[in-house]
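These notes concern the structure reproduced below.
Numbering (our numbering), first residue to last: 56 to 252.
Structural data, given as C-alpha cells:
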C-alpha cells in the first residue's frame, strides 16, 4: 500500500490578522507574514503544491518556491518535478468577512502570470459559507488528492478550510502539519463544525 503525505501550511500573517476590520478584499501578507513564509523550513520536496487563489497564500507559495528554486517548477506542465496548482476549493471558509473574498480571475492572472487559474471562476462568485459546504469542499479536496498519483503534497491554504480538512486542529500563521494518508484508507476524520477565523 502506498503512503501519501499531505503537508498542510497556513499562510503567513496577513494585514487582516493585525487590523481585524480590514475593509478590502484579498489582503496581502504583512512584513512579518513575509518573514514567516520565508522562514518555513522545507524538510521534503513536494511532488505537488496546491494553493488557494488568495494573495496571502500565493505570497506564501512564492516564499516556498524560493527554497526550491533549483528545481524545475511550473504551474502548467505534467512533467515538472514539483507541480503547482491553484485550487479555489482551498479558499477561506468564513466569507462573510470582506478580507476573505478574492479577486476576479483576470486580476489574479495579471498579477501572477506564471500560475494557472483555470480552475477559478471568472468572478469571485462562490456560494457563501456554511458548515455543510465547507465539509463538502474538504471532502472534494481529499478525494481528488486520493485519486492523484502524487504521494508528497503541500497544501497552502487558510485556517478555516484546513480545520475542516484535519478535523478541527488549529493552524497558526505558517504552521505546517504533516498528515499521514494511506491509499484506500482515510485516516482523517472530517466532522462539520463551526470555526472562528
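Using N, Cα and C, we set each Cβ at its ideal position, and we do this for glycine too.
- Pairing residue 148 with residue 216 gives a Cβ-Cβ distance under 8 Å.
- By the criterion of a C-beta distance shorter than 8 Å, residue 112 is surrounded in its chain by 66, 106, 145, 211, 212, 213, once the five residues flanking it on both sides are discounted.
- Distance from residue 114 to residue 84 at the Cβ level is roughly 5 Å; contact confirmed, criterion being Cβ atoms closer than 8 Å.
- Here residue 152 carries a coil assignment [DSSP, helix/strand/coil].
- Around the CB of residue 61, 16 or more other CB atoms lie within 10 Å, so the residue is classed as buried.
- Under the three-state reduction of DSSP, residue 59 is assigned to strand.
- In the same chain as residue 206, and ignoring 5 residues on each side of it, the C-beta atoms closer than 8 Å to its own belong to 57, 58, 59, 60, 102, in chain order.
- Residue nearest to residue 180 within the set 159, 166, 81, 189 is 159 (criterion: CA-CA distance).
- Residue 176 and residue 96 have their C-alpha atoms spaced approximately 33 Å apart.
- Annotated three-state conformation of residue 178 is coil, per DSSP.
- In this model, residue 71 and residue 154 are separated by some 7 Å (Cα to Cα).
- Under DSSP, residue 65 shares a beta bridge with 212.
- A distance of 8 Å or more separates the beta carbons of residue 204 and residue 163.
- By the criterion of a C-beta distance shorter than 8 Å, residue 182 is surrounded in its chain by 188, once the five residues flanking it on both sides are discounted.
- Going by DSSP, residue 103 is part of the beta strand (DSSP E) stretching over 103 to 106.
- In terms of CA proximity to residue 200, 104 leads the group 73, 185, 104, 93.
- Here residue 119 carries a helix assignment [DSSP, helix/strand/coil].
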